[in-house]
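Counting from 1, position 74 in the sequence shown corresponds to residue 61 in my numbering; the numbering is continuous, with no gaps.
The beta carbon of each residue, even a glycine, is placed where N, CA and C say it ideally should be.
Given the structure is predicted, the values throughout are model-derived calculations rather than measurements.
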Amino acid sequence: MLQCINIIKDYPVHGGRRRILNGVNFTLEKGEKLGILGRNGAGKSTLIRIIGGVEHFTEGKIERDMTVSWPLAFGGAFQGSLSGLDNLKFICRIYNLDYTDTRAFVDDFAELGHQLTEPVKTYSSGMRARLAFALSIVIEFDCYLIDEVIMVGDARFHARCQEELFSKRDERAMIVVSHDMGFMRETCNRVAVLDQGKLVPYDSMDEAIDTYENL
């Protein structure tokens, strides 16, 4: 189970503070797939980063008894002065992964070639996303956090992402952020709309989409 309890997130702005999340509450059980809809700037990616532990919240509490990924394709945790390979070695030590197997998977999946030995700060955003996605997949979390920014690269890479996540790991829990309604319908069995800092759940996907499109 993953539970967010009254999550509040404020950002400092000139002359005060801006509240992005204003008491977000939800519970996600193992195997559930929650889709989150919301306009640009509503705080969807902020919420995903908070759940993944890469951004702090202002108030509230998160309880979990399952492992949760960082946001897929999020490369912000990499040490830019180190090579992709050295970052991979560091991840292997933290998560007690077999280096040889992990290196082989990342080589095949991310397709960075010799650039894996170059400093991450020299990577394009797409290259960082490929490396982060490959490392996210190889760790085998109970819950994956999927922002639509995972859709980097060409159609073949997209297809491989879909296969790894939604076919090979279809029993895992997921939180999905996307503007693609077809993708939401195909992927998610629960849906909620984030608007004005509040996350509102809907029993009907159609009702949630209608609400989102009329925001």
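Beta-carbon separation of residue i and residue j under 7 Å?
i: residue 106; j: residue 154; result: no
i: residue 53; j: residue 129; result: yes
i: residue 216; j: residue 188; result: As shown, the chain starts at -12 and ends at 202. That puts residue 216 outside it, with no answer to give.
i: residue -4; j: residue 45; result: yes
i: residue -10; j: residue 42; result: no
i: residue 184; j: residue 6; result: yes
i: residue 23; j: residue 31; result: yes
i: residue 201; j: residue 20; result: no
i: residue 134; j: residue 164; result: yes
i: residue -8; j: residue 47; result: yes
Where DSSP assigns a beta bridge to residue i, which residues make up the other side?
i: residue 185; result: 182
i: residue 13; result: -9
i: residue 8; result: -4
i: residue 115; result: Per DSSP, none; premise fails for residue 115.
i: residue 22; result: 163, 178
i: residue 132; result: 58, 162
i: residue 155; result: For residue 155, which the question treats as bridged, DSSP gives no partner whatsoever.
i: residue 3; result: 0
i: residue 70; result: 106
i: residue 49; result: -9
Using 8 Å for Cβ pairs, my map puts residue i next to residue j. What's the rounded Cβ distance?
i: residue 37; j: residue -6; result: 7 Å
i: residue 70; j: residue 104; result: 5 Å
i: residue 115; j: residue 65; result: 7 Å
Using the rule of at least 16 other Cβ atoms within 10 Å of the residue's Cβ for burial, across every protein chain shown, is residue i buried or exposed?
i: residue 169; result: exposed
i: residue 110; result: buried
i: residue 74; result: buried
i: residue 118; result: buried
i: residue 195; result: buried
i: residue 199; result: buried
i: residue 56; result: buried
i: residue 2; result: exposed
i: residue 39; result: buried
i: residue 142; result: exposed
i: residue 91; result: exposed
I want to see whether chain D comes within less than 7 Å of residue i, judged by CB atoms only; does it?
i: residue 195; result: Annotation note: the requested chain D is absent from the structure, which comprises a single protein chain.
> Just checking, does the segment 115 to 135 make contact with the segment -1 to 10 on the three C-beta pairs under 8 Å criterion?
Replying inline: no
>> So, does the segment 69 to 82 touch the segment 160 to 171, judging by three or more C-beta pairs under 8 Å?
In response: no
> Touching or not, the segment 178 to 195 and the segment 140 to 149, by the rule of three or more beta carbon pairs under 8 Å?
Replying inline: no
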